[in-house]
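Note that numbering that gives the first Met the number 0 gives residue 11 to position 12 of the sequence shown, counting from 1, and the numbers run on in steps of one. For reference, the structure is listed below as structure tokens.
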Amino acid sequence: MEGKEQSTGRLHFVGKKDELIAAKRSFRTLEGRDILIVYHQGILYALDSYCYHAGGELQTGDIEEFDGKLCIVCPKHKYKISLAKGECLYKAADPSEKPPVPRWYSKGVKQRTHGVTETNGDVYVTLSLETKWIESDFYQGEKGKLERAKTEKAEKAEKAEKAEKADKAASSE
Ligand code: FES
């Protein structure tokens, strides 16, 4: 299946616990899958590295708690993804309620999360054995990789154009 080869269920050594704690965020490629390992408040988590929404790199996302769940906030469009389960959380209010009270809701599991185990200071990740398609699978496949590369190129061009305009505006002052 595009973007989701069945996991072998093997344990992959990903580093010493101390190193992963010091790094806080670590990127690894396991069985061709790009994984982010996050250390936060005493726990190590592993999840797909690219945001299911549009392939944003979660590695630089802030971690915050929403509705009692620790989430990584995608730097691109600020989607909130729970570290433990990969659920996407959002806040909304029902306009028919008087007055409307904003509440947290879950869009369900959108980001694939993986198992983390530790033995004598050695940390291992087992890729998720869930066989059902999870939306973040897309950005792990060939099509998703091409799409990410295309977006990156467009964003670079846009930045360069903005910088050029700013330069021109500065020099004409
Ligand atoms: S790419 Fe992550 S929120 Fe859009």
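All C-beta atoms, glycine included, are put in the ideal place defined by N, C-alpha and C.
Could you check if residue i is buried or exposed, using at least 16 other CB atoms within 10 Å of its CB as the buried criterion?
i      : result
Gly54  : buried
Met0   : Confidence is the limiting factor: at Met0 the pLDDT is only 45, short of 50, which leaves the residue's position unreliable, though a coordinate-based value still follows. It counts as exposed.
Ser81  : buried
Ala45  : buried
Gly8   : exposed
Tyr89  : exposed
Glu160 : exposed
Leu145 : exposed
Phe26  : exposed
Glu172 : exposed
Thr112 : buried
Name the two residues that bound the continuous beta strand (DSSP E) containing residue i.
i      : result
Thr118 : Thr112 to Thr118
Leu29  : Arg24 to Leu29
Ala92  : Unbroken run through Ala92: none, as it is neither H nor E.
Tyr78  : Note, Tyr78: premise wrong, no beta strand (DSSP E); not H, not E.
Asp33  : Arg32 to His39
Gly107 : Arg102 to Val108
Leu46  : Ile42 to Asp47
Output the boundary residues of the alpha helix (DSSP H) element that contains residue i.
i      : result
Lys144 : Glu141 to Ser170
In this structure, what does DSSP give as the bridge partners for residue i?
i     : result
Ser6  : None; Ser6 has no bridge partner.
Leu69 : Glu64
Gly14 : Val122
Cys87 : Ile80
Glu56 : Tyr49
State the CB to CB distance for the pair residue i and residue j, rounded to an integer number of angstroms; the pair is presumed to be in contact (CB under 8 angstroms).
i      : j      : result
Thr116 : Leu35  : About 17 angstroms; that fails the 8 angstroms criterion.
Ala91  : Tyr104 : 6 angstroms
Gly85  : Val100 : So it is not a contact: roughly 27 angstroms between Cβ atoms.
Leu29  : Val122 : So it is not a contact: roughly 12 angstroms between Cβ atoms.
Ile71  : Leu57  : 5 angstroms
- Under a criterion of Cβ closer than 7 angstroms to any non-hydrogen atom of the ligand FES, which residues qualify, in chain order? Cys50, His52, Ala53, Gly54, Gly55, Cys73, Lys75, His76, Lys77 and Tyr78
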